[in-house]
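**Student:** Position one of the sequence shown corresponds to residue 6 (the numbering used here), numbered consecutively onward. Ideal Cβ positions, reconstructed from N, Cα and C, are used throughout, including at glycine. Okay, here's the structure, questions in a sec.
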Amino acid sequence: MGTGAESGQNKRLAAYSGARVLITGGAGLIGSALARRLAGLGAEILLLDSMVPEAGGNPANLADIREQVRLNIADIRDTAALRHLLRDCDFLFNLAGQTSHLDSMQAPEYDLAVNCTAQLQLLEACRAVAPRVSIVHAGTRQIYGRPVYLPVDEKHPLRPVDINGVNKMAGEAYHLLFHDVYGIETRSLRLTNVYGPGMRIQDARQNFLGIWLRRVLEGAEFELWGGEQRRELLFVEDAVEAFLHAAVSRETAGLALNVGGGEPYSLLALAETLVRVNGCGEFVRREFPDERKRIDIGDFITDDTRFREVTGWAPYIGLDAGLWRSLDYYRRHFDEYVSRT
Ligand SMILES: NC(=O)c1ccc[n+]([C@@H]2O[C@H](COP(=O)([O-])OP(=O)(O)OC[C@H]3O[C@@H](n4cnc5c(N)ncnc54)[C@H](O)[C@@H]3O)[C@@H](O)[C@H]2O)c1
Numbered sequence: 006m007g008t009g010a011e012s013g014q015n016k017r018l019a020a021y022s023g024a025r026v027l028i029t030g031g032a033g034l035i036g037s038a039l040a041r042r043l044a045g046l047g048a049e050i051l052l053l054d055s056m057v058p059e060a061g062g063n064p065a066n067l068a069d070i071r072e073q074v075r076l077n078i079a080d081i082r083d084t085a086a087l088r089h090l091l092r093d094c095d096f097l098f099n100l101a102g103q104t105s106h107l108d109s110m111q112a113p114e115y116d117l118a119v120n121c122t123a124q125l126q127l128l129e130a131c132r133a134v135a136p137r138v139s140i141v142h143a144g145t146r147q148i149y150g151r152p153v154y155l156p157v158d159e160k161h162p163l164r165p166v167d168i169n170g171v172n173k174m175a176g177e178a179y180h181l182l183f184h185d186v187y188g189i190e191t192r193s194l195r196l197t198n199v200y201g202p203g204m205r206i207q208d209a210r211q212n213f214l215g216i217w218l219r220r221v222l223e224g225a226e227f228e229l230w231g232g233e234q235r236r237e238l239l240f241v242e243d244a245v246e247a248f249l250h251a252a253v254s255r256e257t258a259g260l261a262l263n264v265g266g267g268e269p270y271s272l273l274a275l276a277e278t279l280v281r282v283n284g285c286g287e288f289v290r291r292e293f294p295d296e297r298k299r300i301d302i303g304d305f306i307t308d309d310t311r312f313r314e315v316t317g318w319a320p321y322i323g324l325d326a327g328l329w330r331s332l333d334y335y336r337r338h339f340d341e342y343v344s345r346t
């Protein structure tokens, strides 16, 4: 039996039973886990995903829920598709995005088109055909840039260190603007690093942990750049609960809220933990490559007190358990995530 607070929260999630939900980026790490959980809550689930090979969308992420979701392979820049899918939607989880920081420096206009222009077009579509939809935008803590104090709360200045951060910041600002000016129920979650089964492990495009997981499972050495920087990791199922609680909490409307993980670890401690949980593995410490160092944010610790207070959310999956579950998943599904050509 749960506590009173827990059962109050679970009652809120009953709002998803029979609700029509659209998830953009629904075949990716967070989107697919959200779809799985919403299927359990009895929602009618529509997914929009472009399945571009450079991102984290993967059919394997949806293998066990294929019968319970409708996947529309379309780009978030396709406004006609958006208008069609948004009609009669109760909830929109807006997760489609270009996520690679390095790619955003090499192809800035693509990042602008997906993370910024398409976000505005999506909001215009909501205003036209679904003005009552409740929206959660997947924001990022990256928009704060290099912290000037720790832990970082929502009052910290915004000073992104890369193109992706600038465009995600603008995408978030459009969401909040549509709340303030048009009364649409939007909010943005500024997420820390999210990981877990379903993440891209082909390379480091999603985050550093993807390529670490791949290497340890291949029995190969992985590279640790620097090592002193502290970071938190949020297990994907905990991230999903944050999205679900945000969309049914009217108190979060119009706000940008931090969502951190558990305890912060140095990257060295994370590398050692991964090797220990795997039972074996090796890594080598290297200087940051120049192109990465220029856009690295250094130490980051999130203060997400406000989100916890407003929604009652807290992360439950600790690092050892989360890494263990990730390793276990990829041992069984490695070939669906790694192309060796
Ligand atoms: N995972 C993290 O650590 C993290 C941290 C902060 C913010 N976020 C944000 O959360 C969201 C989801 O991230 P994720 O970790 O699940 O990444 P992901 O790459 O696994 O998922 C993103 C999905 O968006 C899809 N997509 C990309 N471009 C698209 C386009 N033009 N049109 C339609 N679909 C498109 C991809 O195919 C993919 O399935 C992103 O917006 C990301 O910026 C993630």
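1. Provide the residue span of the alpha helix (DSSP H) that contains S22, from first to last.
2. Does the contact criterion of 3 or more C-beta pairs under 8 Å hold for the region 130-149 versus the region 54-66?
3. If you run the structure through DSSP and keep just helix, strand and coil, what is V280?
4. Tell me whether W318 sits in a helix, a strand or coil according to DSSP, three-state version.
5. Determine the contact status of I81 and V57, defining contact as a CB-CB distance below 8 Å.
6. Can you tell me whether S55 is buried or exposed, with buried defined as 16 or more other CB within 10 angstroms of its CB?
7. According to the neighbour-count rule (16 or more other Cβ atoms, all chains shown, within 10 Å of its Cβ), is R236 buried or exposed?
8. Are the CB atoms of Y21 and L53 within a distance shorter than 8 Å?
9. When DSSP builds the beta bridges, which residues end up paired with D333?
10. Would you say T191 and A258 are within 8 Å of each other, going by their C-beta atoms?
11. Given a cut-off of 8 Å on the beta-carbon distance, is the pair L163 and Y149 in contact?
12. Below 8 Å, how does it come out for the region 109-128 and the region 156-171: are there three or more Cβ pairs, yes or no?
13. Looking at C-alpha atoms only, which residue of Y335, H161, A24 and Q124 is the closest neighbour of A143?
14. What's the C-alpha gap between R337 and R195?
15. Taking just the CA atoms, how far does F98 sit from L76?
16. Output the residue ranges of the beta strand (DSSP E) runs that lie fully inside the region 118-173 and measure 3 residues or longer, sorted by chain position.
17. Which of the three DSSP states, helix, strand or coil, is assigned to I300?
18. Kindly indicate if chain C contains any beta-carbon less than 8 Å away from that of L163.
19. CB of N283 to nearest heavy atom of ligand 1: below 7 Å?
20. Check for me: the beta strand (DSSP E) holding I70 runs from which residue to which?
**Tutor:** Short version:
1. Element bounds for S22: n/a, residue is neither H nor E.
2. no
3. helix
4. coil
5. no
6. buried
7. buried
8. no
9. Beta-bridge pairing links D333 to no other residue.
10. yes
11. yes
12. yes
13. Q124
14. 32 Å
15. 14 Å
16. 139-145
17. coil
18. Judged by its chain identifiers, the structure shown contains no chain C, having just a single protein chain.
19. no
20. Unbroken run through I70: none, as it is neither H nor E.
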